[in-house]
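Chemist:
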Amino acid sequence: MYNPMMLHSDSVDVNALLQAILRDIKRASATGGISEALSASPEAFTVKLTGVDAAFTREITGSGFIIDKNQEDGKTQKDGKTTYVIATAAHVANGIQQRGQITTADGITHAVTNIVKPKADADGTVTDVAFVSFTVASGGPDYSIIKLTTAEVGDKIVVTGFTKDTDGAYTQSTGSIVATDEKSLSKENYTGQTIVSNARVKAGYSGSANFEQIGGVWYANGLTSLRVQTKSGDEFSGAVSTRDIAALYHELTGDAVAVKTSKQIAAETASNSSLIALTTMMGDPQFSKPDAQVSSVINTNALVESIYAAIIAASPSA
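Letter by letter, the sequence shown follows residues 1308 to 1625 of the numbering used here.
(1) Please list the terminal residues of the continuous alpha helix (DSSP H) segment that includes residue 1401.
(2) Return the CA-CA distance between residue 1423 and residue 1439, expressed in angstroms with no decimal places.
(3) Going by beta carbon distance, what residues of the same chain come within less than 6 Å of residue 1451, once the five residues before and after it are set aside?
(4) How is residue 1366 classed by DSSP in three states: helix, strand or coil?
(5) Here's the rule: buried if 16 or more other CB atoms are within 10 angstroms of the residue's CB, otherwise exposed. What is residue 1519?
(6) Quick one: what's got a C-beta closer than 8 Å to residue 1553's C-beta in the same chain, skipping five residues either side?
(7) In whole angstroms, what separates the C-alpha of residue 1448 from that of residue 1430?
(8) Where do the N-terminal and C-terminal ends of the alpha helix (DSSP H) with residue 1550 fall, by residue?
(9) My guess is that residue 1517 and residue 1453 are in contact by the Cβ rule of under 8 Å, so how many angstroms apart are they, rounded?
(10) If I measure Cβ to Cβ from residue 1487 and keep anything under 7 Å in the same chain, skipping five residues before and after, which residues do I get?
(11) Assuming residue 1355 contacts residue 1368 (C-beta within less than 8 Å), just tell me the rounded distance between them.
(12) Applying the criterion that 16 or more other CB atoms from any shown protein chain within 10 Å of the CB defines a buried residue, is residue 1529 buried or exposed?
(13) Less than 8 Å between the beta carbons of residue 1395 and residue 1408, yes or no?
(14) Got a sec, what are the start and stop residues for the beta strand (DSSP E) residue 1447 sits in?
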């Protein structure tokens, strides 16, 4: 990294310094330091799951969200495939084991290639989470993957899904988190930390996410598991926590997905803004001249020091 004592020269090659800074920016970008483009809608992450029950008597409709992808390299690049992993409710996965299909936001239908579910405990209870996969051939569409965050009381959320009363169309409901550490309220022996919101949900929403927007980017902070009806007739949404989802994903597949708190995300966003400002600065013509000198920029010595401070604050440790 740079020596701050060397930044007090009366004549600094600004271009050389900024090129060094750019190398750090690229390193930060490679490790996830640069923020992603803003997400347009929770719909980009949401999928419809359909299948036929075990008795082949009725169609099952549920929802899910894309949490991971794994690229598989074949003998040549053109043989490479991408497998996407969907998080959904275990009771949805149970229902689509026959003729299971996944429909993504672009309207394309994919065959289910794998279903992984947790086994029931000795008392017959099981966390209501499962992971369903589909594969896209090389050169096929590229789908958005949702990041996970923790839920806090008061968080504004959007719950999405596909219901029969809308002919399977994408719909969404808004609300806020009212509890974050309730015991499972399900009557069907499903366990796990339950996130409760006042968003109204319908059959078909099961397996989708509680979507929360932080800094213009969408995150998931729970997986819709059940509907809770109060004595007054209001329906609440019960969701499995993202920490349970991540733990199960690692346990069942060996892969890992991160769960970050809103404070961690906010801290990263603050650092990212410094990096974005620096990349914007790099596009300024005055910094692209090979003979750029301190004297060519107003108070450049102070500017260089502020750039140095920003890059040190924003970059991962060397």
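C-beta atoms are modelled at their ideal positions from N, C-alpha and C, and glycine is treated no differently.
The model shown is predicted, which means the values in this text are computed figures rather than measured ones.
Modeler: Judging by the given coordinates:
(1) By 1-based counting over the sequence shown, the position of residue 1401 is 94. Where residue 1401 is concerned, the enclosing alpha helix (DSSP H) stretches over 1397-1402.
(2) One-based indexing of the sequence shown puts residue 1423 at position 116. One-based indexing of the sequence shown puts residue 1439 at position 132. Each residue's Cα considered, the two are about 6 Å apart.
(3) Working through the sequence shown from its first residue, we reach residue 1451 at position 144. Closer than 6 Å at Cβ, skipping near neighbours: 1351 and 1352.
(4) Residue mapping note: residue 1366 aligns to position 59 of the sequence shown, counting from 1. The answer is strand: DSSP assigns residue 1366 an E or B state.
(5) Walking along the sequence shown from the start, residue 1519 turns up at place 212. Residue environment: residue 1519 is assigned as buried (16 or more neighbouring CB atoms within 10 Å of its CB, all protein chains considered).
(6) For the purposes of this step, residue 1553 is taken as the residue at position 246 of the sequence shown. These residues qualify, in order along the chain: 1455, 1563, 1564, 1565 and 1566.
(7) Position 141 of the sequence shown holds residue 1448. Position 123 of the sequence shown holds residue 1430. The alpha-carbon atoms of residue 1448 and residue 1430 are separated by roughly 43 Å.
(8) The residue you call residue 1550 lines up with position 243 of the sequence shown. Its alpha helix (DSSP H) spans residues 1549-1560.
(9) As a working mapping, residue 1517 is identified with position 210 in the sequence shown. As a working mapping, residue 1453 is identified with position 146 in the sequence shown. In fact, because the Cβ distance is near 11 Å, the residues do not count as touching under 8 Å.
(10) Against the sequence shown, residue 1487 aligns to sequence position 180. These residues qualify, in order along the chain: 1458, 1459, 1460 and 1502.
(11) Sequence index remark: in the sequence shown, residue 1355 carries index 48 (1-based). Sequence index remark: in the sequence shown, residue 1368 carries index 61 (1-based). Beta-carbon to beta-carbon, residue 1355 and residue 1368 are separated by about 7 Å, close enough to satisfy the 8 Å threshold.
(12) What you label residue 1529 is simply residue 222 of the sequence shown in a count that begins at 1. Classification for residue 1529: buried.
(13) Position 88 of the sequence shown, counted from the first residue, corresponds to residue 1395. Position 101 of the sequence shown, counted from the first residue, corresponds to residue 1408. Going by beta carbons, residue 1395 and residue 1408 fall outside the 8 Å limit.
(14) Within the sequence shown, numbered from 1, the residue matching residue 1447 stands at position 140. Note, residue 1447: premise wrong, no beta strand (DSSP E); not H, not E.
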